[in-house]
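Q: Structure provided below as structure tokens; questions to follow.
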Amino acid sequence: MLSLAQATRTSLPSEDSAVELARIDAQQQAEAFAHLASAATIGDAQKQQLGLLVSQAATRLEQWRDLADAIQQECLHEAERAQWKLLWVNRLAVANRLLLFSTFLSLLLLRRDMRKQVETQIQIEADLRKERSTLEMRVQTRTAELEAEVKERVRVEKLNRGRNQVLEMLAHNEPADKIFCVLAEILGRHRSSWSCAIHLLQNDALFLHASAAIPDKLLPHLQRLSGNLAGAP
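According to the numbering used here, the residues represented by the sequence shown are 30 to 262, in order.
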């Protein structure tokens, strides 16, 4: 509507000037007719002048009609151009609204994607911490298993060496007391919490011949034990 009003105001000066010229011309023609009408008698000269005025008036009327048609056509063209301008202004307004809406929607989608990325990153970090903790526990468990396995292998190896030593002593007919001492030491080293004592039955009594890892206060009481095994399993 603003463009249409501006276009109309732009075309007004030329139209007003043409109308003003037509008004002045019509006024002059009217004055001429009034002058002839005021004459007492109308002679041939006045009749010729009147005919000339009528002819000029018809010519001017035709010119005014053509001018009015031209002005009307110009007004129609101006109105059509104004309508097109208004149409394009409305389209640009709609396009601006759509652009603003699309921009707002894009920002919302971008914000949602960023939130998802942050949540995914947090979840990944939590999974990594959990996996790291689980891996550390597995490593500790496996390390403990390997240490226990190594200790068991060392213990078994020591037991095998002790057994081989006892077998070598038997093969070389070493004294029984010496063999018993070595055997007691081997059994005492086999388990750190074990204590070992070897007794021989002589004349219905048990006499201590070898021991390992036995407290000193307990040794005097183990030197000789009763050999009565009645009721023993």
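The C-beta atom is built at its ideal place from N, Cα and C for all residues, glycine as well.
Bear in mind the structure is a predicted one, so any value in this text is a computation, not a measurement.
What ranges does the beta strand (DSSP E) occupy inside the region 188–262, keeping only unbroken runs of at least 3 residues that lie completely in it?
A: 225–231, 234–241, 253–255
Q: In chain order, what residues of the same chain lie with their CB nearer than 8 Å to the CB of Trp-223, ignoring the 5 residues before and after it?
A: Taking the first residue of the sequence shown as 1, we reach residue 223 at position 194. Result list for Trp-223: Leu-216, Gly-217, Ala-242, in chain order.
Q: Do His-228 and Leu-247 have their C-beta atoms closer together than 8 Å?
A: The residue given as residue 228 occupies position 199 in the sequence shown. The residue given as residue 247 occupies position 218 in the sequence shown. Result no, Cβ atoms of His-228 and Leu-247 do not sit closer than 8 Å.
Q: Assuming Val-195 contacts Leu-212 under a Cβ cut-off of 8 Å, what Cβ separation, rounded to an integer in Å, is found between them?
A: If you number the sequence shown from 1, residue 195 lands on position 166. If you number the sequence shown from 1, residue 212 lands on position 183. Their Cβ separation, rounded to whole angstroms, is 6 Å, which keeps Val-195 and Leu-212 in contact under 8 Å.
Q: Report the rounded CA-to-CA distance for Phe-236 versus Ala-173, giving the unit in angstroms.
A: Indexing the sequence shown from 1 puts residue 236 at position 207. Indexing the sequence shown from 1 puts residue 173 at position 144. Using only the alpha carbons, I get a separation of about 43 Å.
Q: Just the Cα atoms here: how many angstroms apart are Leu-251 and Arg-182?
A: The residue labelled residue 251 in the question sits at position 222 within the sequence shown. The residue labelled residue 182 in the question sits at position 153 within the sequence shown. Rounded to the nearest angstrom, the two C-alpha atoms are 33 Å apart.
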